[in-house]
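Let me begin by presenting the structure, written as structure tokens, before commenting on it.
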Ligand SMILES: [Zn+2]
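As structure tokens, this is what we get:
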């Protein structure tokens, strides 16, 4: 208390005295923006996701096209406005800004209004703030008043207000606040509708805003990856790439999910029975609107039933590999790796592979970048064979065949194997961003080999990294040369 009174109070009095120079105020205050939107009482679980672009300054008001989450049955007593702006239109429904971040959970089309204010709305107290603001704007939106007079009890109309505010320290830009206006008593003859207004927070979801916390991922929006093998290694890579903003994923696997997989799979029991491709595609569509997902249920190397027609597995994979920017191999099969490494070389695409050992005791992450001095996957195998590269730790436990599983599998938990998929995701992102200005920086190695356990004891993963140079004894590389 003594310190506060002696040291802090004089500083506050000086800053608020009005005669302080801006520089001395800057020294005392926190360097954070203090927009009104940070201080409002918001309705629980409500948000409207808005694009980077705000409507042009010369248009003062108009209509909003919204896509909202469905209100659960019996939920009309609570305000639930949760969704995304699809378009910001003028009064005559001419689109000014459209937004393509559509997500399957937001299924209910809803019409609202928007209004540009000269400055941030006036708020007298926390408790009355929402109705204060409603009364400030209703005069400017006769269409809103008309809509409310025809609305039923429980109907909700969303209104967005856009205005300049201090969004970051001493920097003013457009900010949004929404009001959800719920009819509590219907209009009748001369009696106006009774309404209750609540604030709904705006959430910036444009590409620029979304990557504000990790701007070095911006090059990922235009990138595509083929991921083969969606088990405990490949599936987490898919989710991490989606979280890193990748534009497109092509997924290949043949397997369906069993509840027993979920000890090392990133999604849980609700997807039991689903094809792994479909489960990941559905999840990513729900969570990451900037990533489009395509998939194929293929078992590489399995002959198709004769007379099936259509493309062969090879044709499908070759087309996918040609269309993407990187081939990621998490198939956990030596033969598939051999095929994919050669395919990636044929179509001139970088190749990243990841494997784990028994017990998820160790693992390997590697890449071929397609530079002339770099060796190939066969060079890598030769380095392993003559111990130029060390082997990862291996628990050597027997494989098991759980009930209902068509083939043996390894013992190992996701808490251990995710160390490998995480490094593979980083290596894939670094490889994809390589050469792009301001992109995720690149690693200085090509192959990393990990121990995750030592003699049965879990350890902080220990990685050994290597450059992968051309081996003179590699027939593939000498053919290329
Ligand atoms: Zn080679």
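Residue numbers (this note's numbering): 10 to 490.
No residue lacks a Cβ here, since even glycine has one placed at the ideal position from N, Cα and C.
Query - residue 116 classed as buried or exposed, judged by whether at least 16 other C-beta atoms fall within 10 angstroms - result: For this step, residue 116 is matched to residue 107 along the chain shown. Exposed: under 16 other Cβ atoms inside 10 Å.
Report task. Tell me whether the beta-carbon of residue 226 lies closer than 9 Å to the beta-carbon of residue 258. Result -> For this step, residue 226 is matched to residue 217 along the chain shown. For this step, residue 258 is matched to residue 249 along the chain shown. In this structure, residue 258 does not lie closer than 9 Å to residue 226 by Cβ.
**Report entry** Every unbroken alpha helix (DSSP H) within the region 142-205, with a cutoff of 4 residues, ordered by chain
**Finding:** 151-158
**Report entry** Option in 321, 213, 349 and 332 with minimal Cα separation from residue 303
**Finding:** Locating residue 303 in the chain shown gives position 294, where the first residue counts as 1. Comparing Cα-Cα distances from residue 303 to each of 321, 213, 349 and 332, the minimum goes to 332.
**Report entry** Enclosing beta strand (DSSP E) for residue 257 [first to last residue]
**Finding:** Start at 1 with the first residue of the chain shown, and residue 257 comes out as number 248. From DSSP, the beta strand (DSSP E) with residue 257 extends over 257-262.
**Report entry** Cα-Cα separation, residue 118 to residue 208
**Finding:** Along the chain shown, one-based indexing puts residue 118 at 109. Along the chain shown, one-based indexing puts residue 208 at 199. About 20 Å.
Query raised in the report: CB of residue 479 to nearest heavy atom of ligand 1: below 8 Å?
Result: In the chain shown, counting from the first residue as 1, residue 479 sits at position 470. Checking the Cβ of residue 479 against ligand 1 gives yes.
Report task. Tell me where the alpha helix (DSSP H) around residue 10 begins and ends. Result -> The residue labelled residue 10 in the question sits at position 1 within the chain shown. Careful: residue 10 lies outside any alpha helix (DSSP H) and carries neither H nor E.
Query raised in the report: Mind checking whether residue 64 and residue 171 have CB atoms under 9 Å apart?
Result: Within the chain shown, the letter at position 55 stands for residue 64. Within the chain shown, the letter at position 162 stands for residue 171. In contact: residue 64 and residue 171 (Cβ atoms closer than 9 Å).
Query raised in the report: So, are the CB atoms of residue 335 and residue 459 less than 9 Å apart?
Result: Looking up residue 335 in the chain shown gives position 326. Looking up residue 459 in the chain shown gives position 450. Not a contact, by the Cβ cut-off of 9 Å.
Query raised in the report: Going by other Cβ atoms of all chains shown within 10 Å of its Cβ, with 16 needed for buried, is residue 40 buried or exposed?
Result: Indexing the chain shown from 1 puts residue 40 at position 31. Exposed, since its Cβ has fewer than 16 Cβ neighbours within 10 Å.
Query raised in the report: Is residue 395 near ligand 1, judged by its Cβ being under 8 Å from some heavy atom?
Result: Taking the chain shown and counting its residues from 1, the one referred to as residue 395 is at position 386. No, ligand 1 has no heavy atom inside 8 Å of this Cβ.
Query raised in the report: So what does residue 473 bridge to, in DSSP terms?
Result: Taking the first residue of the chain shown as position 1, residue 473 is located at position 464. Residue 473 pairs with 458.
Query - Contacting residues, own chain, Cβ-Cβ under 8 Å from residue 256 (five flanking each side not counted) - result: Residue 256 sits at position 247 when you count from the first residue of the chain shown. Closer than 8 Å at the Cβ level, and outside the excluded window around residue 256, lie 229, 230, 231, 232, 233, 299, 300 and 301.
Report task. Would you mind working out which of 83, 160, 44 and 360 sits nearest residue 132, comparing C-alpha positions? Result -> Position 123 of the chain shown, counting from 1, holds the residue named residue 132. The shortest C-alpha separation from residue 132 is found at 44.
**Report entry** Buried or exposed by the 16-neighbour rule on C-beta atoms within 10 Å, applied to residue 178
**Finding:** In the chain shown, residue 178 corresponds to position 169, counting from 1. Classification for residue 178: exposed.
Requested in this report: Could you name the residues that DSSP lists as bridge partners for residue 207?
Outcome: The sequence position of residue 207 within the chain shown is 198, counting from 1. Partner(s): 189.
Query raised in the report: Taking DSSP as the reference, what is the three-state secondary structure of residue 295?
Result: The residue labelled residue 295 in the question sits at position 286 within the chain shown. In the structure shown, residue 295 sits in a helix (DSSP, three-state: H, G or I).
Requested in this report: Please name the residue in 391, 205 and 406 whose C-alpha comes closest to that of residue 399.
Outcome: Numbered from 1 along the chain shown, position 390 holds the residue referred to as residue 399. For residue 399, the nearest C-alpha among the options comes from 391.
Query raised in the report: Helix, strand or coil for residue 483 per DSSP?
Result: The residue labelled residue 483 in the question sits at position 474 within the chain shown. Here residue 483 sits in coil by DSSP.
**Report entry** Same chain, Cβ closer than 6 Å to residue 325, neighbours up to 5 away in sequence not counted
**Finding:** For this step, residue 325 is matched to residue 316 along the chain shown. Excluding sequence neighbours, residue 325 sits near 305.
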